[in-house]
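Protein sequence lines, in the order shown, are assigned to chains A and B. Following the numbering used here from start to finish, the first sequence increments by one per residue and tops out at 312. Following the numbering used here from start to finish, the second sequence increments by one per residue and tops out at 601.
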Amino acid sequence: MTFLAFLARRLAGTIPVLIGISLAAFLLVHLAPGDPARLLMGDRASEEAVAALRDQMGLNNDLATQYLNYMGHLLRADLGQSLRFQRPVLTLIGQFLPATLFLIGYVMVISVPLTVILAVTAARNRDRWPDQFIRLGAIIGMTFPVFWLALMMSRYFGVELGWLPVSGFGEGFTGHLRHLFLPAISISAWLVPLLLRSLRATLIHEMEADYVVAGRSKGLPEGLNFRRHVLMNSLIPTLNLLGVMLAYLIGGAVVVEVVYAVPGIGTLMINAVLGRDFQVIQGVTVVYALLTVLITLCVDLLSALIDPRIKP
Amino acid sequence: MTTSDVTTQATKARVSTALAAFLSRNGSFEVLAGLLILTALLVLAFAAAHVVPADPSAIDFEALMAPPSVAHPFGTDHLGRDVFSRTVFALRIDLWMGVAGVAAPLVIGTALGLVAGYFGGWADAILSRIVDVTVAFPFFVLVIAIVGIMGPGLTNYFIALALVGWVSYARLVRAQTAVLRDKDYVQAARVLGYSTPVILFRHVMPATLPVVLVYATTDIVMIVLAGASLGFLGLGVQPPTPEWGAMIAEGQPYVVNAWWICLFPGLAAIVMGFGFVLLSDGLSRMIRQ
Chain A
1 MTFLAFLARR LAGTIPVLIG ISLAAFLLVH LAPGDPARLL MGDRASEEAV AALRDQMGLN
61 NDLATQYLNY MGHLLRADLG QSLRFQRPVL TLIGQFLPAT LFLIGYVMVI SVPLTVILAV
121 TAARNRDRWP DQFIRLGAII GMTFPVFWLA LMMSRYFGVE LGWLPVSGFG EGFTGHLRHL
181 FLPAISISAW LVPLLLRSLR ATLIHEMEAD YVVAGRSKGL PEGLNFRRHV LMNSLIPTLN
241 LLGVMLAYLI GGAVVVEVVY AVPGIGTLMI NAVLGRDFQV IQGVTVVYAL LTVLITLCVD
301 LLSALIDPRI KP
Chain B
313 MTTSDVTTQA TKARVSTALA AFLSRNGSFE VLAGLLILTA LLVLAFAAAH VVPADPSAID
373 FEALMAPPSV AHPFGTDHLG RDVFSRTVFA LRIDLWMGVA GVAAPLVIGT ALGLVAGYFG
433 GWADAILSRI VDVTVAFPFF VLVIAIVGIM GPGLTNYFIA LALVGWVSYA RLVRAQTAVL
493 RDKDYVQAAR VLGYSTPVIL FRHVMPATLP VVLVYATTDI VMIVLAGASL GFLGLGVQPP
553 TPEWGAMIAE GQPYVVNAWW ICLFPGLAAI VMGFGFVLLS DGLSRMIRQ
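Here it is as structure tokens:
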């Protein structure tokens with residue numbers, strides 16, 4: 001099968017997931033205690049106004065009809081209306097999404113090379129002191145509360161030393177780079193250990209494979225053998241792990257955005273939660289899920305392109 | 313080679329051996345170190361009232377934001393409350409949060425994974441679809457959304473965990489059960505006429521438990537960190553109850569002048585996480601051997 005056919009099959013595979021996401025997001029709002037219309041209007045609204053809104057929102061219909069309505073809106077890229085901002089949720093997300101995407105990209109650019117360097121160093125020095133230090137560091141790194149690290153770093157590097165700005169998104173590309181440096185480092189400090197542990201284990205596993213012995217016995221230099229064979233064979237598992245980790249990274253970014261006042265969709269979501277702006281919570285959650293599905297799709301396609309063994 | 317060179321090399325070798333022993337390959341030392349840390353924390357949590365120098369909620373306007381000293385080892389916060397006492401008392405809530413929070417996901421996930429893995433077919437197909445959809449949402453985002461809509465607090469956090477967290481356990485158990493199902497001893501049990509529940513819970517489940525428990529040990533760290541994040545965002549345990557995340561949030565406005573209010577609760581979370589990760593790492597090595 002060609003790559004295009006693989007692409008088509010993989011795309012078709014996401015359709016049930018997308019339907020599931022819409023269903024979960026729909027049910028999410030029904031978790032709210034009490035009447036959604038009353039919650040939206042607040043305690044002071046009159047009984048008639050609430051009834052009118054309930055009618056307008058279609059809450060008097062049965063659940064299936066309500067869901068089909070919601071689905072119809074979603075298909076037309078209508079995520080509803082923000083109660084607080086009095087603007088379409090999609091417009092709001094469009095406003096806040098760039099900062100989040102920039103931050104995610106930034107974290108990737110920092111953590112992927114760092115992970116590879118540290119993992120390779122650890123694996124090639126297995127059980128000697130560089131490996132021990134890196135592993136111990138990775139264990140400690142995993143236990144850091146991300147928001148705490150972010151707060152402490154902004155306190156020290158931003159306020160105490162005055163090296164970097166501690167809030168906002170900045171102007172222009174270099175401004176973004178400067179403003180998001182500490183947030184990106186905070187997230188990487190927690191992401192790298194997770195990736196690192198897995199890549200190290202994969203590398204060590206591959207280093208004991210038969211093909212490595214074969215390479216060695218036909219006189220291949222150790223370094224070349226490692227780069228050309230061990231590293232290449234470890235790429236796919238790491239790529240897959242990266243896909244999974246990105247979902248965690250996106251979640252961790254929410255708190256860090258709040259600490260550094262980055263105008264991203266994480267900040268938007270927390271403000272919506274505190275302001276009980278349900279449509280925004282629901283909309284942002286859907287966008288986060290779509291982002292994750294897209295990333296997973298890209299990782300799968302990339303794996304298929306890199307590795308000829310993954311039969312499309 | 314001078315004497316100092318020899319000494320440095322000897323020191324280096326000694327440090328290296330100590331580290332090697334610490335992160336030993338069979339994992340027994342890690343398990344021991346992890347258990348030691350966790351036992352110490354558990355004792356501290358139970359004996360909190362006898363250990364701390366002050367009442368964790370006692371307000372002292374004479375000592376607002378006092379830096380760490382002999383009287384207040386971790387300093388005092390903006391209301392003059394002793395940060396050390398609050399950090400120790402928070403240990404109770406955060407430990408409880410991790411251990412209680414992992415229970416529902418573990419039980420639900422294991423049960424569903426067993427059923428899906430053992431029977432396959434429809435049960436498996438449905439479970440796989442639900443799993444696919446759940447993992448499409450970033451874990452923490454979905455937790456925030458659920459808690460945000462249901463309202464802040466520890467109970468709703470536990471509900472959110474039960475709704476979202478079982479997925480990893482279901483996947484782990486499903487994969488193992490699908491293999492165990494065809495093992496000779498399980499088929500023998502079937503031939504002997506044992507009932508399906510007996511086979512599932514007496515013979516298949518115990519074999520899946522080690523991996524599940526190791527995963528749960530790391531999961532506890534994630535649950536505590538996510539719960540502390542919720543506390544920090546104002547969506548978890550509510551102040552004035554001492555909880556690490558909520559304490560850090562309370563200290564945030566004063567972090568420039570009184571860093572100790574935020575620093576120590578975070579360090580406490582790291583110590584606890586370190587204990588659990590060591591334990592989990594060591595256990596998983598023991599299993600693999």
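The C-beta atom is built at its ideal place from N, Cα and C for all residues, glycine as well.
Could you name the residues of chain B that residue i contacts, counting a contact when the two beta carbons are closer than 8 Å?
i                      : result
residue 33 of chain A  : 462, 463
residue 200 of chain A : Going along chain B, no residue has its Cβ under 8 Å from residue 200 of chain A, so there is no contact; the nearest lies around 12 Å.
residue 267 of chain A : Ordered by position in chain B, no residue passes the 8 Å Cβ test against residue 267 of chain A, which lies about 11 Å from the chain.
residue 293 of chain A : 448
residue 285 of chain A : 449, 453, 454, 457
residue 278 of chain A : 461
residue 248 of chain A : 450, 451, 452
residue 155 of chain A : 567, 568, 571, 574
What residues of chain B sit near residue i, judged by a beta carbon separation below 9 Å?
i                      : result
residue 24 of chain A  : 445, 446, 448, 449, 454
residue 152 of chain A : 567, 571, 574, 575, 578
residue 236 of chain A : Per Cβ cutoff of 9 Å: no residues; residue 236 of chain A is ~19 Å from chain B at best.
residue 289 of chain A : 445, 448, 449, 450, 453, 454
residue 281 of chain A : 456, 457, 460, 461
residue 10 of chain A  : None at all; the shortest Cβ gap to chain B is about 13 Å.
Can you name the residues of chain A whose CB is closer than 8 Å to the CB of residue i?
i                      : result
residue 586 of chain B : 139, 140, 143
residue 589 of chain B : 139, 142, 143
residue 593 of chain B : 139
residue 458 of chain B : 28, 31
Please compile the residues from chain A whose C-beta is within a distance smaller than 9 Å of the C-beta of residue i.
i                      : result
residue 581 of chain B : 143, 144, 145, 148
residue 545 of chain B : 147, 254, 255, 258, 270, 273, 274
residue 441 of chain B : 16, 17, 20
residue 560 of chain B : 145, 147, 148, 151
Please classify residue i: is it buried, with 16 or more other beta-carbons within 10 angstroms of its beta-carbon, or exposed?
i                      : result
residue 313 of chain B : With a pLDDT of 46 at residue 313 of chain B, under the threshold of 50, the modelled position of that residue is not reliable, and no figure is offered here.
residue 5 of chain A   : exposed
residue 362 of chain A : Since the first and last residues shown for chain A are 1 and 312, residue 362 of chain A lies out of range.
residue 527 of chain B : buried
residue 210 of chain A : exposed
residue 514 of chain B : exposed
residue 417 of chain B : buried
residue 599 of chain B : exposed
residue 73 of chain A  : exposed
residue 282 of chain A : buried
residue 200 of chain A : buried
residue 469 of chain B : buried
residue 202 of chain A : buried
residue 427 of chain B : buried
residue 499 of chain B : exposed
residue 233 of chain A : buried
residue 608 of chain B : Residue 608 of chain B is absent from the model: chain B starts at 313 and stops at 601.
residue 106 of chain A : buried
residue 488 of chain B : buried
Going along chain C in order, which residues have a C-beta closer than 9 Å to the C-beta of residue i?
i                      : result
residue 159 of chain A : This model lacks chain C altogether; the protein chains it does include are A and B.
Who are the neighbours of residue i on chain B, taking C-beta pairs under 7 Å?
i                      : result
residue 251 of chain A : 450, 451, 452, 453
residue 297 of chain A : Near residue 297 of chain A there are no residues of chain B at all, since even the closest Cβ is about 11 Å away, more than 7 Å.
Check the DSSP bridge columns for residue i and list the partner residues they point to.
i                      : result
residue 394 of chain B : B:388
Residues of chain A with CB closer than 7 Å to the CB of residue i, please, in chain order.
i                      : result
residue 564 of chain B : 151
> Relative to chain A, which residues along the region 522-540 of chain B have a C-beta separation below 7 Å, given in chain order?
Replying inline: 533, 537, 540
>> At a CB distance below 7 Å, what residues from the region 344-363 of chain B approach chain A? Give them in sequence order.
In response: none
>> For a minimum of 4 consecutive residues, which ranges assigned as the alpha helix (DSSP H) are wholly contained in the region 49-113 of chain A?
In response: 63-75
> What runs of the beta strand (DSSP E), each 3 residues or longer, lie entirely inside the region 480-517 of chain B?
Replying inline: Whole beta strand (DSSP E) segments, 3+ residues: zero.
>> Tell me which residues of the region 389-413 of chain B have at least one Cβ-Cβ distance to chain A shorter than 7 Å, keeping chain order.
In response: none
> Relative to chain B, which residues along the region 96-116 of chain A have a C-beta separation below 9 Å, given in chain order?
Replying inline: none
> Going along the chain, which unbroken runs of the beta strand (DSSP E) with 3 or more residues stay wholly within the region 535-589 of chain B?
Replying inline: none
>> Residues of the region 61-73 of chain A in Cβ contact with chain B at a cutoff of 9 Å, in chain order, please.
In response: Those would be none; no residue qualifies.
>> Which complete beta strand (DSSP E) runs does the region 420-490 of chain B hold, if anything under 3 residues is left out?
In response: none
> Along the chain, which unbroken stretches of the alpha helix (DSSP H) at least 4 residues long are found entirely within the region 127-209 of chain A?
Replying inline: 129-142, 146-153, 172-179, 181-207
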